[in-house]
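Sequence lines, in order, name chains A and B.
The first sequence stops at residue 340 when you use this note's numbering, and every number in between is there.
The second sequence stops at residue 340 when you use this note's numbering, and every number in between is there.
Protein chains: 2
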Amino acid sequence: MPNIVLFLSYIGTAYHGWQFQQNALTVQEVLQDAILKTTGQRVSLSGCGRTDAGVHARVYAANAKFETSIPVDRLPLALNARLPDDIAVREARIVPDGFDSRFSCRRKEYTYTVYNSRMKDPFYTDRACFFPYKLDMDAVCRAARMFEGTHDFKSVQSAGSPVKSTVRTIYHCYVTRSGDLLELRVEGNGFLYNMVRAITGTVLYAGLGKIAPEDIPVILDSRDRSLSGPTLPPCGLRLSRLVYDEFTLESPV
Amino acid sequence: MPNIVLFLSYIGTAYHGWQFQQNALTVQEVLQDAILKTTGQRVSLSGCGRTDAGVHARVYAANAKFETSIPVDRLPLALNARLPDDIAVREARIVPDGFDSRFSCRRKEYTYTVYNSRMKDPFYTDRACFFPYKLDMDAVCRAARMFEGTHDFKSVQSAGSPVKSTVRTIYHCYVTRSGDLLELRVEGNGFLYNMVRAITGTVLYAGLGKIAPEDIPVILDSRDRSLSGPTLPPCGLRLSRLVYDEFTLESPV
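Structural data, given as structure tokens:
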């Protein structure tokens, strides 16, 4: 059976994340239902990562081995006809047998969007975190850079599923601002539970003067979650880039 | 009583336009309810225009004369606490007695967004019109410019409430493209029913080769709705700029 990878984009607001759950609607369940109805195949997709409830994916990869009479290049349109408006298959490809969306992934980039204005803006509801406080942008930008490199990230991990190691490598972590919109982009070889949301919370705390950017290495060394900033809400977070040996998925413009 | 103008922003997806209706939820009704609960005053707002069901407003102005014990500069936060996430009051000001959001408005700009890609994108659901066909961008851009000037716009008006005159002045009408996103911006001294959606439909027809850009003046002269392009769906349309003698409201970045 061919190993088929689907490139997705989804708005996570209505879902309890990617991964199948018994008592909550997830993107995996909705997509697998669409595959069943379209091809007659009951598949179990391997997704590039668990995204949390309410988190979006500008890009996402999920694969499984399954037979289909529909040519692979027509699979996206056939599946989209069965999918709700908040999930789309953008492309489908046959990949080598050993390819796995989760384990073959080399780097992931997440983008966290903050709407930093005194007044809320309905256009950013469910797309950005509304943060109405004045920020020292110089401190914000310096704080973000402090997370780059290979570190133990236990102090920006939420309690949850235990992992063998809390050491990860962050290739870049920087903030850009355009008007009232602030974006933190962080690319790494892996992420801990709620890590990007806690990094962004810590960076905003630096912008408020509650944490000195220079203290972030100390906070990381402490491995103490109580010293870093708050976990921001999921609505501002999206998966924005995926790097595999075979291809790189970039956010469409 | 002071004449108070509220500057709004709203996502129109859930509403049957601005204007109060007996049997459908409108932005005006929701906002007047919030004013009643916040100030105890039953007001009848004058809005800068009827927006159709499903149309958005990046900027909007509505005013009424009413008493409030809350200082005007605190009114936005007080009202926002009572408003749903898809409507926000961004600013409130006291304006001269003769100011009326509708009749004092000199120019309005609408922006129509088209997502022109082979594949749908969940990030633009309810924010753009999905148009998966290949467009001749040169024809698109030339077609848009043909609507500029003072013309009788009857051929891009939908049947509906009768108006005295179908002559309007369009100060600019142009298309920009960034990746798969295409934006048509049109500013005029007034607009007929569904006019921007029909102009955009006509411009896209030019991009498909169904209408020659050079024929648009002929279509306008004909005053015949059947010769122009289709009325596009409301989700791609937003009010993006308002010009008054007293101030100009620009879309926030």
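Idealized CB from N, CA, C, for every residue including glycine.
Every value quoted in this text rests on a predicted model; they were computed, and no experiment measured them.
- For B:A246, there are no CB contacts under 7 Å within the same chain when 5 residues up- and downstream are skipped.
- Shown here, A:G134 sits in a strand according to DSSP, grouped into three states.
- Residue state for B:V250 is assigned as coil, using DSSP reduced to three classes.
- Here the alpha carbons of A:V201 and B:D208 stand approximately 22 Å from one another.
- The DSSP assignment places complete alpha helix (DSSP H) segments of no fewer than 4 residues inside the segment 301-333 of chain B at 303-309, in order along the chain.
- Between A:F234 and A:V273 a beta carbon distance of about 7 Å is seen, short of the 8 Å cut, so the two are scored as contacting.
- Under DSSP, B:L93 forms a beta bridge with B:A149 and B:A179.
- By the C-beta density criterion, A:F190 is exposed, having fewer than 16 other C-beta atoms within 10 angstroms.
- Relative to the Cα of A:E270, the nearest Cα in the group A:Q108, A:R194 and A:M224 belongs to A:M224.
- Listed along chain A, the residues sitting closer than 8 Å to B:S265 by beta-carbon distance are V340.
- Within 8 Å of the CB of B:K221, no CB atom of chain A is found; the nearest one sits about 16 Å away.
- Of the candidates B:D267, B:D172 and B:R284, B:D267 places its Cα closest to the Cα of B:R205.
- Counting only runs of at least 3 residues, the segment 175-226 of chain A fully encloses the following beta strand (DSSP E) elements, listed from N- to C-terminal order: 192-202.
- Boundaries of the beta strand (DSSP E) harbouring B:G236: G236 to D239, taken from the DSSP string.
- Under the DSSP assignment, A:V243 falls outside any beta strand (DSSP E); it carries neither an H nor an E label.
- Apart from sequence neighbours up to five positions away, the residues of its chain that approach A:R180 with a beta-carbon distance below 6 Å are V92, ordered along the chain.
- Nearest in C-alpha terms to A:C260, of all of A:V117, A:K195 and A:A215, is A:K195.
- The three-state reading of DSSP puts B:R284 in helix, counting H, G and I together.
- Taking a beta-carbon distance threshold of 8 Å, A:S96 counts as an interface residue toward chain B.
- Between A:A149 and A:L164 the beta-carbon gap is near 17 Å, outside 8 Å, which marks them as no contact.
- Bounds of the alpha helix (DSSP H) holding B:T125 are V114 to T126.
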